[in-house]
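Numbering (full-length UniProt numbering), first residue to last: 1 to 82.
Positions of the beta carbon are idealized from the N, C-alpha and C atoms, including for glycine.
Since we're looking at a predicted model, the values are computed, not measured.
Following: one structure in structure tokens, then a few remarks.
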């Protein structure tokens with residue numbers, strides 16, 4: 001079995017309560033990571049004119065890609081981020 005998203009760890013109705021709690025804790029931690037990335041992206045918006053353009057673009061693209069990967073893997077939707 002390949003692990004593509006957090007859902008692949010356990011199927012609906014399988015496993016024990018400990019595993020379910022572990023998955024919930026992982027998802028909550030991932031939500032914190034996404035929110036942290038969002039803060040970093042906001043900081044970059046304010047620094048736009050103060051950094052070398054290539055470095056800025058590379059960093060922002062990397063943060064956005066990381067954010068999207070975390071959201072996909074941990075099945076995070078925008079409502080989870082509120």
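| Once you ignore the five residues that flank residue 80 on each side, which residues in its own chain have a CB closer than 7 Å to its CB? | 31
| My guess is that residue 6 and residue 27 are in contact by the Cβ rule of under 8 Å, so how many angstroms apart are they, rounded? | 7 Å
| query | So residue 37 packs on residue 66, CB below 8 Å; how close in whole Å? | reply | 6 Å
| task | Report yes if the C-beta distance between residue 33 and residue 70 is below 9 Å; otherwise report no. | result | yes
| request: Please indicate yes or no: does the CB of residue 36 lie closer than 8 Å to some heavy atom of the ligand ADP? | output: With respect to the ligand ADP, the structure shown offers nothing to examine, as it has no ligands at all.
| query | Just reading off the alpha helix (DSSP H) that residue 19 is part of, what are its end residues? | reply | 17-47
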